[in-house]
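Here is the structure we will look at, set down as structure tokens.
Residue numbers (my numbering), protein chains in the order written: chain A, 1 to 383; chain B, 1 to 383.
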């Protein structure tokens, strides 16, 4: 049910002709109210796409009535013309839906540096507006796919309210958000300030901990819209739990569908002096190409884990590091521990546990292996 | 001629049986004097191999008479036993050459986390000592290879003096030194303080600017030994020029032979507010897997260059960034510039130029493309 699982929302997904493939490439998500609170988190990349700049601006008042999304082009690094295009998308959507222009957020994904075919985009917006439906969540999720092999949706229920969501993203997955567009909806009655706090809290330990290939996008956007249509005002913690559940579900779907990946790797760092240390160590391991190749080859090469840890500024003693692969402590005190022969890396899911033995903090970072298929997909993407 | 191009040096390379392949795997470089000044630069990885710890200690007095090097095992993450092994290698070498133990540096390269077969190593040291020759530089360079497809040597002459060198390294190439062992020699008359300054200056803009795969080794070592055998005391600038020439030559050979690479990529960052900014931007581009895949596919995907720049803290305006690929300015003012159709990436060498248009500083970072062969070599390395 995706974004239309929550009451008060309509959605649609259509083929506007932006993609040469003829696959669906334009989606709308509309909040019919009665409330229109919204929150958003955007890429921390300093090179930001035009739709990100637009959406950040219109979201400043904590209110969004609709989101227009397209795949087939990122509208990033497109100059003043690209900024005009993002605004035009919002204006056309506002007109089609009879809502104020500053209440429309815009999301784009696809190749960087290419202008959108605006004739097709604007016509597509009208088509999508006509196709809006309380059952349109799946269609919307399909229309935002790029190299995703499957569309991604999730739903979580609270006491009398619902949180739904959709996501796209399969490459350029990295912190400060994976290259992804995510729209979350809820029918809970909630003010935008609380919505913002709940969303940031959820993103920090879900999407921000996904690091498939270390590459940070220009377009990452996570939006959360609240209609209040359930009439239920949940406690902050109930709402936070439901939002986090949906974010976590979608984040794992992103890792599960990452370009060319054959492994889903959980890097759990424990015994850290701080959560920041744990995250830094987890990310360093998640980004180590040599380790990611070894795990692809199902080789428990823990030396590459240690060499990655050694590049961080986290607090640890190199001679007191412990590392486990799928529960086998192959490294103890910074040297060989249990036999690597005991490690079975044949499953798709792999867990690497690092004990820094310095403090009580921990963090989990999710990543993928590095494969020839990843190279192939990303060397042929735009040519 | 490698390390024996300079007067006053002997070298050898033999098969000790550390490698299962039967290829040469143990080398000696001996400074016969009359002087024995030395300087060294080591990995900045906080997880440091036993031989790095040993060599750093014995080099503290600026004096080295011999270097013993092995391939086939890194002696890293090997605990107290590994530390004993490094010391034993120095002791055995000192005995064979009749020099003090604290005058022997040790270098190892190969798989992390595995103890060396010390019986073979010590016997190999005796064999290597017996094989020492003023023509042994090539043999030594061959014996330190791991996945290198060719051995790497370089020589530069100054006014009455010579600098020679050898290097190994083909994977795990990253800053704070590429996984590499480098031994440089000179017959110039020079004190260890100047030698240290000259070496650090040369390394900073050569080996430290090589970033093949973003992975920093536990074993990187660059040593420079001065025999004074020429009787010539060069000016500091003449010596610096010759040392930098040899370092630059060897660094480019490392990039030219990087594991699985099909492209040698020069990332030149100009117009930066500081050299540190230029290096940060260059490294970020050099480490972007998506871009490295695109270049492998000969796709001038400049959007990935911009997304990499955007992750840095360097001073720049996203709307004033210019990017050229092989001289074609495909990005102007942060948006599309000349047609990407004009870019020909079919040569092995590719130059990416980024103009931050902020200041007058610049830097060059060298990297490689990301290929299926890299994945293959590194997923099968230890299994």
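Beta carbons: idealized from backbone N, C-alpha and C, even for Gly.
Predicted model, so just to flag it, every value in this text is computed and none were measured.
Within the same chain, Cβ atoms closer than 7 Å to the Cβ of residue 14 of chain B are found at 24, 26, 124, 127, 128, 131 and 143, the five residues on either side in sequence being excluded. Looking at A/344, A/66, A/93 and A/160, the one whose alpha-carbon comes closest to that of residue 231 of chain A is A/160. The way I'd put it, the stretch 217-236 of chain B doesn't touch the stretch 82-97 of chain B; fewer than three beta-carbon pairs between them come closer than 8 Å. C-alpha of residue 307 of chain A to C-alpha of residue 334 of chain A: approximately 11 Å in a straight line. In the three-state reduction of the DSSP assignment, residue 289 of chain B falls in the helix class. Under the 8 Å Cβ criterion, the stretch 313-333 of chain B does not count as touching the stretch 235-252 of chain B, having fewer than three qualifying pairs. The beta carbon of residue 378 of chain A falls within 7 Å of a beta carbon belonging to chain B, placing the residue at that interface.
In the structure shown, residue 207 of chain B adopts helical secondary structure according to DSSP, grouped into three states. The continuous beta strand (DSSP E) containing residue 332 of chain A extends over residues 328-332. The secondary-structure analysis by DSSP pairs residue 12 of chain B across a beta bridge with B/28.
Among the CB atoms of chain B, one or more fall inside 7 Å of the CB of residue 375 of chain A. Every unbroken stretch of the beta strand (DSSP E) spanning 3 or more residues and falling wholly within the stretch 71-124 of chain A is given here in chain order: 104-108. Residue 112 of chain B reaches chain A at 301, 302, 303, 304, 306 and 307, counting residues in chain order whose Cβ is nearer than 9 Å. Cβ proximity to chain B below 9 Å picks out 43, 44, 45, 46, 47 and 48 from the stretch 42-73 of chain A. Chain-ordered, the chain B residues with CB closer than 9 Å to the CB of residue 77 of chain A read 302, 303, 306, 307, 318, 321, 331, 334, 335 and 336. One Cα belongs to residue 67 of chain B, the other to residue 256 of chain B, and the distance between them is close to 26 Å. Here the alpha carbon of residue 375 of chain B sits roughly 36 Å from the alpha carbon of residue 57 of chain B. Residue contact with chain A for residue 218 of chain B: present (Cβ-Cβ distance below 7 Å to some residue of chain A). Partner residues in a beta bridge of residue 271 of chain A, as assigned by DSSP, do not exist. By the criterion of at least three beta-carbon pairs nearer than 8 Å, the stretch 341-353 of chain B is in contact with the stretch 296-304 of chain B. Here the alpha carbon of residue 204 of chain B sits roughly 10 Å from the alpha carbon of residue 41 of chain B. Residue state for residue 164 of chain A is assigned as strand, using DSSP reduced to three classes. Setting aside the 5 residues that flank it on each side, residue 361 of chain A is surrounded in the same chain by 272, 274, 275 and 278, each with a C-beta closer than 6 Å to its C-beta; the list follows chain order. Membership of residue 349 of chain A in the beta strand (DSSP E) is indicated by the continuous run 349-355. The Cβ neighbour count for residue 258 of chain A, taken over all protein chains shown within 10 Å, is at least 16; the residue is labelled buried. Under DSSP, residue 42 of chain A forms a beta bridge with A/221. Annotation: the continuous alpha helix (DSSP H) that includes residue 248 of chain A extends over 236-256. In this structure, the alpha-carbon of residue 108 of chain A lies about 53 Å from that of residue 70 of chain B. Between residue 282 of chain B and residue 373 of chain B, the CB-CB gap reaches or exceeds 7 Å.
Take residue 83 of chain B, set aside five residues on each side of it, and the residues of its chain with a beta-carbon closer than 8 Å to its own are 50, 53 and 54, in chain order. Interface flag for residue 310 of chain A against chain B is set, since a Cβ pair is found closer than 7 Å. Chain order gives no chain B residues near residue 356 of chain A, where near means a beta carbon separation below 9 Å; the closest approach is about 12 Å. In this model, residue 146 of chain B and residue 76 of chain B are separated by some 15 Å (Cα to Cα).
Assigned with DSSP and collapsed to three states, residue 322 of chain B falls in strand. Comparing alpha carbon positions, the residue from B/32, B/365, B/338 and B/290 closest to residue 351 of chain B is B/365.
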